[in-house]
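Down below is the structure, laid out as structure tokens.
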Amino acid sequence: MGTVAEVGHGPSHQPWWKTSHLIKLNSIILSLVLFSSANGYDGGLMGSILALDTWNSFMQHPTGAYLGWMTAIYWLGNGLSTPLAAWCSNRYGRKPGLYAGYFFLIIGVGMQAGAPNEKAFTYARLFIGFAAGFLGNSAPVLINEIAYPSHRAIASALFMCGWYVGGTICGWVTFACRVIPNDWSWRIPVLLQIFLPLCALPGFLMAPESPRWYVSVGRLEEATDVIAKYHAGGNRDDPIVSTQMMEIEAAITAEKDAAKTCLNVWNLLWATAAAVSVDRLGRRFLFLTSASVMFLSFVVVTALSASFAKSGASSVGLAVVPFLFIFFAGYDVGLTPFLVAYPCEIWQFSLRSRGLTVAWCTTVASIFFNSFVNAIALDAIQWRYYIVFAVILFIFIFVVYFTYPETRGHTLEQMAVIFDGEDAVPSQAVALEKTDVEEKE
341 MGTVAEVGHG PSHQPWWKTS HLIKLNSIIL SLVLFSSANG YDGGLMGSIL ALDTWNSFMQ
401 HPTGAYLGWM TAIYWLGNGL STPLAAWCSN RYGRKPGLYA GYFFLIIGVG MQAGAPNEKA
461 FTYARLFIGF AAGFLGNSAP VLINEIAYPS HRAIASALFM CGWYVGGTIC GWVTFACRVI
521 PNDWSWRIPV LLQIFLPLCA LPGFLMAPES PRWYVSVGRL EEATDVIAKY HAGGNRDDPI
581 VSTQMMEIEA AITAEKDAAK TCLNVWNLLW ATAAAVSVDR LGRRFLFLTS ASVMFLSFVV
641 VTALSASFAK SGASSVGLAV VPFLFIFFAG YDVGLTPFLV AYPCEIWQFS LRSRGLTVAW
701 CTTVASIFFN SFVNAIALDA IQWRYYIVFA VILFIFIFVV YFTYPETRGH TLEQMAVIFD
761 GEDAVPSQAV ALEKTDVEEK E
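See the structure below:
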């Protein structure tokens, strides 16, 4: 997070390390990253203590299937708990999932460190794996949902880096304990599985609940309080608070509506209808319809966003949702069916694969650019950033109108006639004449 550019908060635009509420927030996030370190410690423990003679003697020198079961049972617990962790996280909040992780981790570490025999040691790993499922699910979700917008990508990416911190600590602890001539040579490394989660505990206790989860259960005031406290220094009137609340409410409402009205089916119907009508309506008509619908709906979304930023009325924010559905319909009738179909049509055989590659690379580059820039731009200019998209869509209408040729009624081999006219290669003209004769017959 230290590499992030200056945070655009307030008139001073101070770097985050000079902004008290962001220092606190990022310290909390750093504590949450330690949960990944805890999982890394757990994941590396078996490989470390396998080399200890005292542990092998206690476990009666396990080999073959039993040794494999001893290793695999950790991942069995992890796999069993992950779906439960997701349900708990959505039903009760992100933090309760971490509390559950602590609960199972304490049970597992206690059983394992005090194990009287090899069976108790083995089954204790099931509880530790169960804990890892909760910690590995809830912690990264909470990090993503409380992080400052322009810090989110780095904070999220740092989470799994903590795995190697835990693995490294585990290796050194086991190495240091190897000289102990009794069972404590492996019981100490086992007991220290709880060390990193305990280091994370103060930051975890200070961490807020996810404002996204608050919005999802209708607790809007609490969500606003969290964003204001940790993103705007307690200023509920800061534009970043209203902008984020509008986006969160709109997105979560859209998700809930999608679950009820089947957004994917909505998209499928429009895209399929356009695909089967392509020869009757033509490519240009569908492209122009797509661009126009997206432009008009985005203009309305921009206007509603501006109104919400000024008034803060939740009804205005919710009004964005139906226009998002209209926007998707516009996207579906043009860009969904023609993203690959149109490039494949307009390029000649020798360039077709390369042309499609250019189209895909352009698409991926655009997605990468938007993923990186959107949070920064929204932070800097709030709803005004939507104007950029509206302008791009407006330009797209003119680009389609003046430069996109209609390819309806032509085979792939006849496309050169559209672009080159009478200068097309003779074989193209012959193919065109032959097709015309066959159609008349």
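The sequence shown begins at 341 in this note's numbering and counts up one residue at a time.
Every residue gets a Cβ at the ideal spot worked out from N, C-alpha and C, and that includes glycine.
Note that the coordinates shown come from a computational prediction; the quantities given were computed from them, not determined experimentally.
Q.
Buried or exposed, going by whether 16 or more other CB atoms sit within 10 Å of the CB of Ile389?
A. Per the 10 Å Cβ criterion, buried.
Q.
I'd like to check one pair, Gly506 with Gly380: are the Cβ atoms closer than 7 Å?
A. Going by C-beta atoms, Gly380 is nearer than 7 Å to Gly506.
(Q) Once DSSP output is grouped into helix, strand and coil, what is the label at Ala487? (A) Secondary structure at Ala487: coil, using DSSP grouped into helix, strand and coil.
(Q) Using CA atoms only, rank isn't needed, just tell me which of Ser429, Pro551 and Gly448 is closest to Gly476. (A) The shortest C-alpha separation from Gly476 is found at Ser429.
Q. When burial is assigned at 16 or more other CB atoms within 10 Å of the CB, is His571 buried or exposed?
A. Around the beta-carbon of His571, 16 or more other beta-carbon atoms lie within 10 Å, marking it buried.
Q: Please go through the same chain and pick out, in chain order, the residues whose beta-carbon is closer than 6 Å to the beta-carbon of Pro480, but skip the five residues on each side of it.
A: Cβ within range, chain order: Phe499.
**Q.** Beta-carbon proximity of Phe663 to Ser645, cut-off 7 Å
**A.** Cβ atoms of Phe663 and Ser645: not closer than 7 Å.
Q: Could you name the residues of the same chain whose beta carbon sits closer than 8 Å to that of Ala568, not counting the 5 residues immediately before and after it, in chain order?
A: Gly574, Asn575, Arg576, Asp578 and Val581.
Q. Roughly how many angstroms lie between the CA atoms of Leu532 and Gly417, to the nearest whole one?
A. About 20 Å.
Q. Are three or more beta carbon pairs between the stretch 522 to 542 and the stretch 365 to 384 nearer than 8 Å?
A. The stretch 522 to 542 vs the stretch 365 to 384: in contact.
(Q) Can you tell me whether Pro355 is helix, strand or coil according to DSSP? (A) In the three-state DSSP reduction, Pro355 falls in the coil class, being neither helix nor strand.
Q | Proximity of Pro551 and Ala563 at Cβ, strictly below 7 Å | A | Yes, the pair counts as a contact, with Cβ atoms nearer than the cut-off.
Q: Return the first residue and the last residue of the alpha helix (DSSP H) that Glu300 is part of.
A: Shown here, the chain extends from 341 to 781; a query on residue 300 therefore has no answer.
Q.
Taking its Cβ as the centre, do 16 or more other Cβ atoms sit within 10 Å of Lys358, making it buried, or is it exposed?
A. Flag for Lys358 reads exposed.
Q: Return the Cβ separation of Ala614 and Val680 in integer angstroms, given the expectation that the two are a contact with Cβ distance under 8 Å.
A: Taking a contact as a CB-CB distance under 8 Å, the pair Ala614 and Val680 does not count as one, their CB atoms being some 14 Å apart.
Q. Hey, how far is the Cα of Arg518 from the Cα of Leu541?
A. A direct Cα-to-Cα measurement between Arg518 and Leu541 gives close to 29 Å.
Q) What are the boundary residues of the alpha helix (DSSP H) that includes Trp687? A) Trp687 -> no alpha helix (DSSP H), and no H or E assigned at all.
Q: List the endpoints of the continuous alpha helix (DSSP H) containing Pro423.
A: Looking at the DSSP string, the run of the alpha helix (DSSP H) that includes Pro423 is Gly404 to Tyr432.
Q | Span of the alpha helix (DSSP H) around Val633 | A | Residues Arg623 to Ser651.
Q | Buried/exposed call for Lys780, threshold 16 Cβ in 10 Å | A | Low confidence applies to Lys780: its pLDDT is 43, below 50, so where it sits in the model is not reliable, and the reading given next is rough at best. Exposed is the call here.
(Q) Looking only at its chain, what residues have a beta carbon closer than 7 Å to the beta carbon of Asp523, apart from the 5 residues adjacent to it on each side? (A) Excluding sequence neighbours, Asp523 sits near Thr394 and Phe398.
Q | Closest residue to Ala643 among Tyr741, Tyr725 and Leu628 (Cα-Cα distance) | A | Considering only alpha carbons, the answer is Tyr725.
Q. Buried or exposed: which applies to Ile483, given that a residue is buried once 16 or more other Cβ atoms fall within 10 Å of its Cβ?
A. Residue burial is scored here from C-beta neighbours: Ile483 has at least 16 other C-beta atoms within 10 angstroms and is therefore classed as buried.
Q: Could you name the residues of the same chain whose beta carbon sits closer than 7 Å to that of Ser630, not counting the 5 residues immediately before and after it, in chain order?
A: Excluding five sequence positions before and after Ser630, the CB atoms of its chain that fall closer than 7 Å to its own CB belong to Gly670, Tyr671, Val673, Gly674 and Leu675, given in chain order.
Q. Does the stretch 453 to 465 come close enough to the stretch 402 to 416 that 3 or more CB-CB pairs lie under 8 Å?
A. Between the stretch 402 to 416 and the stretch 453 to 465 there are three or more inter-stretch CB-CB distances shorter than 8 Å, so the stretches are counted as touching.
Q | Candidates Met386, Ala720 and Phe648: closest to Thr514 by CA position | A | It is Met386.
**Q.** Reduced DSSP category for Arg576 - H, G, I as helix; E, B as strand; rest coil
**A.** Note: Arg576 maps to coil in three-state DSSP.
Q: Evaluate Gln768 with the Cβ neighbour count: other Cβ atoms within 10 Å of its Cβ, from every protein chain shown; 16 or more gives buried, anything less gives exposed.
A: Residue placement at Gln768 is flagged as unreliable, the pLDDT there being 46, under the threshold of 50; the coordinate-derived value follows with that caveat. Buried, because 16 or more other Cβ atoms sit within 10 Å of the Cβ of Gln768.
Q.
With H, G and I counted as helix, E and B as strand and the rest as coil, what does DSSP make of Glu458?
A. Helix.
Q.
To the nearest angstrom, how far is the alpha carbon of Trp427 from that of Gly473?
A. Going from the Cα of Trp427 to the Cα of Gly473 covers about 12 Å.
Q. Of the residues Gly749, Tyr504, Tyr554 and Gly448, which one's Cα is nearest the Cα of Val618?
A. Shortest Cα-Cα distance from Val618 to any of Gly749, Tyr504, Tyr554 and Gly448 involves Gly749.
Q) Can you give the Cα-Cα distance for Phe665 and Phe648, rounded to whole angstroms? A) Roughly 19 Å between the two C-alpha positions.
Q: Use the C-beta contact count for Gly404: other C-beta atoms within 10 angstroms, 16 or more gives buried, fewer gives exposed.
A: With fewer than 16 other Cβ atoms within 10 Å, it is exposed.
Q: Mark Phe709 as exposed unless 16 or more other C-beta atoms lie within 10 angstroms of its C-beta, in which case mark it buried.
A: It is exposed - the Cβ of Phe709 has fewer than 16 other Cβ atoms within 10 Å.
**Q.** Distance between Val739 and Ser632 (C-alpha atoms, nearest Å)
**A.** C-alpha separation (whole angstroms): 12 Å.
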